[in-house]
Amino acid sequence: MKETFNFLKERTQVNYLATINGNRPSNRPFGDPILFENKIYILTNKQKEVSKQIAKNNHVCIVAYDENEWIRINCDLLDDSNNILVKQAIIDEFDWAQEAGYTLDNPDFQVLYIANAESTIYDEDGNVLNHYHFN
């Protein structure tokens, strides 16, 4: 799990999160994951389409590339928005969070963590370098 987090946090600046929108895939850039209580968290706003898509089907795929290697993470995203401690950790870590509306009193501030993950790191030729499973 830590190798996956390091790839997303340290090696890349943008991760791409794919969801299902109706019967079609939908993909968008994400960034700034946080490691909290041994879980990888992402944040979003409950009013965004991505949040609505995850609520309907939480099976997602995250992909990122660091110009030498790439990672694919097939996982579930589980909503942990009642966890005030992780929300505070996000606010403390990211100086832009409050300006962007991610405050403890904002009911649309959503935090999700990666669960039931299969994470694979590949070289540019598609050869598997590392493979991980974590809950």
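My numbering numbers the first residue of the sequence shown as 13 and each following residue consecutively.
Idealized CB from N, CA, C, for every residue including glycine.
- Query: Taking the alpha-carbon positions, what's the Val140 to Leu97 distance?
  - Reply: 36 Å
- For Asn142, I'd like the list of residues in its chain whose CB is within less than 6 Å of its CB, leaving aside the five on either flank, ordered along the chain. Ile133
- Inter-residue spacing [alpha-carbon to alpha-carbon] between Ser150 and Asn118: In the structure as shown, the chain starts at 13 and stops at 147, and residue 150 therefore has no counterpart that could be examined.
- Item | 6 Å CB neighbourhood of Ile230 in its chain, flanking five on each side removed | A question about residue 230 goes unanswered here, because the residues of the chain that appear run from 13 up to 147.
- Query: Skipping 5 residues on each side, what residues in its chain have a beta carbon closer than 6 Å to that of Ile126?
  - Reply: Ile52, Cys87
- Message: Just to confirm before moving on: does the CB-CB distance between Val72 and Thr24 stay below 7 Å?
- Response: no
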